[in-house]
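Colleague:
In this note's numbering, the protein residues as written are 312 to 547.
1. Taking the beta carbon of residue 544 as the centre, do at least 16 other beta carbons fall within 10 Å, making it buried, or is it exposed?
2. What does DSSP give as the partner residues of residue 437 in its beta bridges?
3. Below 7 Å between beta carbons: does that hold for residue 391 and residue 402?
4. When you compare only the Cα positions, how much space is there between residue 382 and residue 471?
5. Going by DSSP, which residues form a beta bridge with residue 370?
6. Using only CA atoms, which one of 479, 530, 481 lies nearest to residue 495?
7. With a CB to CB cut of under 8 Å and the five nearest residues on each side skipped, what residues in its chain are close to residue 377?
8. May I have a chain-ordered list of the alpha helix (DSSP H) segments no shorter than 4 residues that lie completely inside the segment 403-485?
9. For the candidate residues 362, 462, 361, whose alpha-carbon lies nearest to that of residue 541?
10. Cutting at 8 Å between CB atoms, please list the residues of its own chain near residue 511, excluding the five before and the five after it.
11. Suppose contacts are defined by Cβ-Cβ distances below 7 Å. Is residue 528 in contact with residue 491 by that definition?
12. Quick check on this structure: which residue in 436, 354, 427 has the alpha carbon closest to the alpha carbon of residue 410?
13. Helix, strand or coil: how does DSSP classify residue 378 here?
14. Can you check which of these residues, 370, 420, 534, is closest to residue 389 by C-alpha distance?
15. For residue 453 and residue 379, I'd like the C-alpha separation in whole angstroms.
16. Taking C-alpha atoms, which residue in 515, 458, 429, 426 lies nearest to residue 436?
17. Does the distance from the CB of residue 406 to the CB of residue 398 come in under 7 Å?
18. Enumerate in chain order the residues of its own chain whose CB-to-CB distance from residue 333 is below 6 Å, with the five nearest sequence positions on each side excluded.
19. What is the rounded straight-line gap between the Cα of residue 327 and the Cα of residue 499?
20. Identify, in the order they occur along the chain, each residue of the same chain with its Cβ nearer than 7 Å to the Cβ of residue 365, setting aside the five sequence neighbours on each side.
21. With residue 516 as the anchor, note down where its alpha helix (DSSP H) starts and where it stops.
This is the structure we're talking about:
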């Protein structure tokens, strides 16, 4: 039995981890995840990667979400854009000034993964609409949750429907197959200001109260291929 869960409304990629990303019409998916996604990160002298939190692998670096990154060529290195949307000529030099740290650089992924958890994050419009209704005075869109795929679900789909997909596989378009594993445990990054989204602690507070800080569906790649906006997402 197969069930159509929805269609792809948005494809997001984040070339430099913890910076604002780029929205695409189409993208290649490989075993690692979306080609180029979080392939680069801001790394300090201790080997910690810039993030919105402090953990064994990550170091909180305030303000990265105010910047954006994008590829001109998928085979090349990403550009870093400042708060005004201008490409900076030297990414590492700019970040040292911007962060007030002399020990940071933009580094390509090596033996240690840049992903917080699993390579693919899927968010539904049903869940996103619930967040908007829970915090009606706070501007909310998918950028707060940094998904790779925003899936438009049919009318009447309940929020947090992603939970029902765990343990299932899904076909996207003609070739790509992913397997849903679990949800992301959200952190203060959902509250952070980025571009035209203001800071608000209400976002994480609402998710914590309603759904134990968890939101989205995390997945691994079963079969690589090409995805496009408008592709159906079919649960197998």
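Cβ coordinates follow ideal geometry from the N, Cα and C atoms, glycine included.
Modeller: The structure says:
1. The residue labelled residue 544 in the question sits at position 233 within the chain shown. Counting Cβ neighbours within 10 Å, residue 544 comes out buried, since at least 16 surround it.
2. Translated into the one-based positions of the chain shown, residue 437 becomes position 126. Looking at the DSSP assignment, residue 437 forms no beta bridge with any residue, so it has no partner.
3. The count along the chain shown starts at 1 and reaches residue 391 at position 80. The count along the chain shown starts at 1 and reaches residue 402 at position 91. Closer than 7 Å, so yes.
4. Working through the chain shown from its first residue, we reach residue 382 at position 71. Working through the chain shown from its first residue, we reach residue 471 at position 160. C-alpha separation (whole angstroms): 32 Å.
5. To locate residue 370, count along the chain shown from 1; it is residue 59. 361, per the DSSP bridge assignment.
6. Mapped onto the chain shown, residue 495 falls at position 184. Per the Cα distances, 530.
7. Stepping through the chain shown from its first residue, residue 377 is reached at position 66. Excluding sequence neighbours, residue 377 sits near 331, 394, 504, 505, 506.
8. 436-445
9. Your numbering for residue 541 matches position 230 in the chain shown. Closest by alpha carbon: 462.
10. The residue you call residue 511 lines up with position 200 of the chain shown. Once the five neighbours on either side are set aside, the close Cβ partners of residue 511 are 446, 449, 502.
11. On the chain shown, residue 528 is found 217 positions in, with the first residue counted as 1. On the chain shown, residue 491 is found 180 positions in, with the first residue counted as 1. Contact flag set, yes.
12. By one-based count along the chain shown, residue 410 stands at place 99. Nearest C-alpha to residue 410: 354.
13. Position 67 of the chain shown holds residue 378. Residue 378 falls in the coil class under three-state DSSP.
14. One-based indexing of the chain shown puts residue 389 at position 78. When only C-alpha atoms are compared, the closest one is 420.
15. The residue given as residue 453 occupies position 142 in the chain shown. The residue given as residue 379 occupies position 68 in the chain shown. Their Cα atoms are separated by approximately 15 Å.
16. Here residue 436 is taken as the residue at index 125 of the chain shown, counted from 1. The shortest C-alpha separation from residue 436 is found at 458.
17. By 1-based counting over the chain shown, the position of residue 406 is 95. By 1-based counting over the chain shown, the position of residue 398 is 87. Their beta carbons are not under 7 Å apart, which means residue 406 does not touch residue 398 by this criterion.
18. Here residue 333 is taken as the residue at index 22 of the chain shown, counted from 1. Here the set comprises 324, 381.
19. Along the chain shown, one-based indexing puts residue 327 at 16. Along the chain shown, one-based indexing puts residue 499 at 188. A straight line joining the alpha-carbon of residue 327 with that of residue 499 spans about 19 Å.
20. For the purposes of this step, residue 365 is taken as residue 54 along the chain shown, with counting starting at 1. Closer than 7 Å at Cβ, skipping near neighbours: 371.
21. Taking the chain shown and counting its residues from 1, the one referred to as residue 516 is at position 205. Element bounds for residue 516: 513-522.
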